[in-house]
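J.: Residue numbers (my numbering), protein chains in the order written: chain L, 18 to 132; chain V, 930 to 1043.
Mind having a look at this structure? Questions to follow.
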């Protein structure tokens, strides 16, 4: 298994532009999580899906952020318009609900820089 | 509450030392407590986990100690090596309902000097 695949690995964009981050979870996993990591705030849960349905989006900072999971093998996190304070590393993780002993499998992250 | 408090923020030990990282939680509904290890440029990876029905779990050089009454748990790394230098995160989740949403601590940056 290739693990959780995120793209792009790095993204540099100008303030006001739309940014789309992509994630392919591990095949068979039915829970997907988007986290944001910064030095100041650590790992913050933005949103999570179970069986492609958004369960909790209370961590999404603003309406500028949106996430979709159109099928079991793909999810996107979109920021529109982007701002410098959105600069962070964004991680996607997947897991098999009901099997916490296997934990989350994280992708390698997307480092976003908004200038 | 959902918060998990982790300390210290950073830790430096000599090779062979035993670094200890502590975490505390408030929500008594939490029933799964993992530790994740993160190397620079990588995502966190599951290291070891414990449930509240046991007080200690060992996997290789890594040990979790759990104190249910105090709502605290800690990670000990025996015979630490420079390769253990990484950021460590504790976490907690409530498994009921089938949704294992993890709440992470702030992280501890560990440096093991040769």
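For glycine and all other residues, C-beta sits at the position ideal for the given N, C-alpha and C.
As the structure is a prediction and not an experimental result, all values here were calculated from the model.
Report the residue from L:105, L:112 and L:113 whose alpha carbon sits nearest the alpha carbon of residue 59 (chain L).
T.: For the residues L:105, L:112 and L:113, the minimum Cα distance to residue 59 (chain L) belongs to L:105.
J.: Using a Cβ-Cβ distance cut-off of 8 Å, determine whether residue 108 (chain L) contacts chain V.
T.: Yes, residue 108 (chain L) lies at the interface with chain V (some Cβ there is under 8 Å from its Cβ).
J.: Can you check the region 986 to 1015 of chain V for any beta strand (DSSP E) of at least 3 residues that lies completely inside it and give the ranges in chain order?
T.: Listed in chain order, the complete beta strand (DSSP E) runs (minimum 3 residues) inside the region 986 to 1015 of chain V are 991 to 996 and 1001 to 1006.
J.: Quick check: the Cα distance between residue 94 (chain L) and residue 1014 (chain V), rounded to an integer number of angstroms?
T.: About 31 Å.
J.: At least one CB of chain V closer than 8 Å to the CB of residue 74 (chain L): is that the case?
T.: Not an interface residue.
J.: Check the C-beta distance from residue 965 (chain V) over to residue 999 (chain V) and give it rounded, since I have them as a contact under 8 Å.
T.: About 22 Å; that fails the 8 Å criterion.
J.: Hey, out of L:109, L:128 and L:131, whose CA is closest to residue 46 (chain L)'s CA?
T.: It is L:109.
J.: For the beta strand (DSSP E) that contains residue 67 (chain L), what are its first and last residues?
T.: Residue 67 (chain L) -> beta strand (DSSP E) spans 59 to 67.
J.: Do you know whose CA, among V:945, V:968 and V:983, lies nearest residue 1007 (chain V)'s CA?
T.: When only C-alpha atoms are compared, the closest one is V:945.
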